[in-house]
Each structure stands twice: as C-alpha cells, then as structure tokens.
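Student: Please read through the structure below; I'll follow up with questions.
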Amino acid sequence: MLRIKSPYSQCLGGLRRLTGRPFATSRSVGLRQSQAAPSQPGSATFGASLGRFAASARRAATFTFYSALVIGALGFTGVATYYFAQELLLPSSDVQVFQRAFHLIEQDAKSRELLGEKLKAHGEQTNNRWAHNRPIASRRSVDHYGREHVVMQFHVDGEKNTALARLELIDNAGKRDFRYLVLEIPGHGRHYLINETPSKPKGRGLFGIQWGPKKN
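All letters in the sequence shown, in the order written, are residues 1 to 216 by the UniProt record's numbering.
Shown next as structure tokens:
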C-alpha cells in the first residue's frame with residue numbers, strides 16, 4: 001500500500017537528521033520545564049538559618065541551666081559549711097560550750113556524789129526519744145563593753161538523781177570564761193561548780209547615810 005508522507009512529517013524527519021535527537025513539541029518541552037523547576041534559594045537559606053538559631057538556643061538554655069545548678073550547689077555547700085562551723089567547730093558554739101560544761105560536771109566529785117558516777121546530759125525534753133536530738137536552750141547577748149554572753153541550760157541524769165544545769169559564759173576578745181555553772185538538784189538545792197558573779201554592794205541607807213545605831 002502506498003503511504004503518502006505529509007509535508008509536516010517530512011519537516012520533522014529533517015529536523016531529527018540535523019539535531020540527532022527526536023524533536024519535542026512545545027507542549028512536552030513546557031511540561032518538562034515546569035516539572036524540573038528549581039526551588040527558590042531564599043527559602044532554603046532562611047530554613048538553614050532558622051535551624052542554626054534553634055540549635056544555638058538549645059545549647060544556650062542547656063548551659064544556663066547547668067550553670068545555675070552548679071552555682072546553686074556551691075551556694076548551698078557554702079551556707080551548710082558556715083552553719084556547721086558556727087554550731088559545731090567554733091569554741092563559742094553552743095555544742096562546744098555544752099560539752100565543756102558537762103566535762104566540768106563529770107570531773108566534779110561533789111556532782112558525782114549527788115547524782116551518781118555515770119552521768120548523761122541532754123537538752124530540753126521533747127517527744128523524740130533520742131537524747132542527742134533534744135535541743136539545748138541557749139540565749140546570746142552583747143553587753144555595753146562589746147562582750148558576748150552565752151546563757152544556757154541543759155539536763156543531767158545520774159543513777160541517784162537528776163539536775164538542771166545552768167551556766168553563763170562570757171566571751172571577752174577570745175577569752176571565754178564561765179561566770180557561773182550551777183546544778184539545781186531536787187532535794188539538795190543548788191551546787192555551784194563556778195560562781196564568779198559579782199556580789200551586789202550593800203545599801204548604805206537613804207541618801208547614802210546609814211541611819212540608826214552603828215553596829216559593831
């Protein structure tokens with residue numbers, strides 16, 4: 001059968017021979033160009049910058065959190081060390097004053113005679129059955145000479161009796177001396193281990209004049 005080529009087909013064939021590849025119509029070329037359209041470079045740069053900013057923010061937040069944690073731990077350690085030294089290690093601390101006074105009571109023969117040989121000391125009575133957890137009653141003040149006064153009381157238990165120990169200690173420029181240390185024992189009155197309390201001067205009467213007959 002004889003096939004007649006149209007002028008359009010002959011033109012396409014000539015173009016194939018000249019270019020060495022099939023000729024694409026304008027419709028197919030436009031479709032491929034639309035499918036292979038590259039992405040916009042501005043959006044890619046913004047996304048990369050946003051990712052870097054988020055990573056930096058996370059690192060900064062992590063560093064801040066751990067820095068605050070370390071600073072808080074150091075601060076807590078410093079406060080705990082200060083109070084530990086104040087309450088336990090310093091010679092003027094309540095614990096040191098308590099132990100010093102109780103040692104004097106243990107070494108005093110009259111105290112052992114009244115209370116017993118085996119003595120125990122503890123703070124105020126509480127619901128806690130452990131003696132070392134009972135608080136020691138104390139009060140501190142400074143006089144007009146700048147000396148610190150420590151007033152304290154605690155309980156002493158022995159086989160024979162119990163006693164309430166009272167004391168006053170004066171810290172004068174690092175020199176710490178007891179003004180008094182006394183045991184109040186039921187049925188036996190007061191037993192002074194130390195008594196440096198200055199006695200009050202006797203009155204001389206009205207306007208400093210001793211009225212009445214002179215006593216020999």
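All C-beta atoms in this analysis are idealised placements derived from N, C-alpha and C, irrespective of residue type, glycine included.
Taking three-plus beta-carbon pairs below 8 Å as touching, is the segment 185-194 in contact with the segment 142-155?
Tutor: Result no; under three Cβ-Cβ pairs closer than 8 Å.
Student: With DSSP as the reference, label glutamine 107 as helix, strand or coil.
Tutor: One-based indexing of the sequence shown puts residue 107 at position 107. Helix.
Student: Excluding the 5 residues preceding and the 5 following lysine 160 in the sequence, name in chain order all residues of the same chain whose CB lies nearer than 8 Å to its CB.
Tutor: The residue labelled residue 160 in the question sits at position 160 within the sequence shown. Closer than 8 Å at Cβ, skipping near neighbours: Leu114, Leu115 and Gly116.
Student: Please state whether DSSP places alanine 121 in a helix, a strand or coil.
Tutor: Here the question's residue 121 lines up with position 121 in the sequence shown. Alanine 121: strand per DSSP, three-state reduction.
Student: Hey, out of Asp94, Ile185 and Gly75, whose CA is closest to alanine 137's CA?
Tutor: For this step, residue 137 is matched to residue 137 along the sequence shown. Ranking Asp94, Ile185 and Gly75 by Cα distance to alanine 137 puts Asp94 first.
Student: Around the Cβ of phenylalanine 98, are there at least 16 other Cβ atoms within 10 angstroms (buried) or fewer (exposed)?
Tutor: Taking the first residue of the sequence shown as 1, we reach residue 98 at position 98. Buried, by the Cβ-count rule.
Student: Tell me where the beta strand (DSSP E) around residue 217 begins and ends.
Tutor: Outside the shown range of the chain, which is 1 to 216, sits residue 217, and nothing can be said about it.
Student: Check the C-beta distance from leucine 104 over to leucine 181 and give it rounded, since I have them as a contact under 8 Å.
Tutor: On the sequence shown, position 104 is the one that residue 104 refers to. On the sequence shown, position 181 is the one that residue 181 refers to. Contact holds; Cβ gap of about 6 Å.
Student: Just curious, the beta strand (DSSP E) that asparagine 161 is in, first and last residue?
Tutor: As a first step, residue 161 must be located in the sequence shown, where it is residue number 161. First-last for asparagine 161: undefined, no H or E at that position.
Student: Using only CA atoms, which one of Thr77, Leu74 and Phe178 lies nearest to proline 198?
Tutor: For the purposes of this step, residue 198 is identified with residue 198 of the sequence shown, where counting begins at 1. That would be Phe178, whose Cα lies nearest to the Cα of proline 198.
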